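> Input: one structure, supplied below.
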Amino acid sequence: MKSKINLIILTIGKKPLIGLYNYKDNNLVEIIAITEQLSEGLPLAFKDIDQKYQIEKIAFVNGPGSFMAIKIGYIFLRTFEIVRQNIELLGNDGFYFNNNMPIKAINNLWFIKENSSIEIKKLDNIYESEFILPKIFKYSEYSKNIEPIYILNAI
2 MKSKINLIIL
12 TIGKKPLIGL
22 YNYKDNNLVE
32 IIAITEQLSE
42 GLPLAFKDID
52 QKYQIEKIAF
62 VNGPGSFMAI
72 KIGYIFLRTF
82 EIVRQNIELL
92 GNDGFYFNNN
102 MPIKAINNLW
112 FIKENSSIEI
122 KKLDNIYESE
132 FILPKIFKYS
142 EYSKNIEPIY
152 ILNAI
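Each residue of the sequence shown is one higher than the one before, counting from 2 in my numbering.
What follows is the structure, given as structure tokens:
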């Protein structure tokens, strides 16, 4: 019988990451860095994870950030949830994973979160913050609202 795990998927940022969390105590037990393009690396990583473990819950970053990364993550994970039918898919914004720092939009525009509202502001001399997997999977920190957070209009 496979061990049960929960996953957190960080698709935005410089390096996409997958965190594997022990189902019983919710502690982070392994980090998988996706080194390929997200569209190629995410399915390959899931193939390996799915062969070794029984996935119970998947939390992911549903925005804001790279539209392509958000779309790839959402479509892949939503499809996986539909096919499996016994996996719970959860979402949270990227600010949860980068200590509420600005997230790169385009050029010198950045997503910021103030008073639970996400806006775009022009900021200079800002560096991209790192997205970090939490040490513990806290179910209450995630939402069942998994719809992607798209802020910018089409350019």
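No residue lacks a Cβ here, since even glycine has one placed at the ideal position from N, Cα and C.
A quick note: this is a predicted structure, and the numbers were derived from the prediction, not measured.
Determine, using beta carbons only, whether I71 and G64 come nearer to each other than 7 Å.
It is a contact, given that the beta carbons lie within the stated cut-off.
> So, helix, strand or coil for L134, using DSSP?
Reduced to three states, the DSSP call for L134 is coil.
> Would DSSP call S40 helix, strand or coil?
Reduced to three states, the DSSP call for S40 is helix.
> Distance check for Y22 and R169, CA to CA, integer angstroms please.
The structure shown does not extend to residue 169, since the chain spans only 2 to 156, so no value can be given for it.
> Report yes if the CB atom of A46 is closer than 7 Å to the CB atom of I9, and no otherwise.
No, the Cβ-Cβ distance between A46 and I9 is not below 7 Å.
> So for I76, helix, strand or coil by DSSP?
I76: helix per DSSP, three-state reduction.
> Tell me G20's beta-bridge partners as DSSP assigns them.
DSSP output for G20 lists I9, I32 as bridge partner(s).
> Look up L124 in the DSSP assignment and say whether it is helix, strand or coil.
Note: L124 maps to coil in three-state DSSP.
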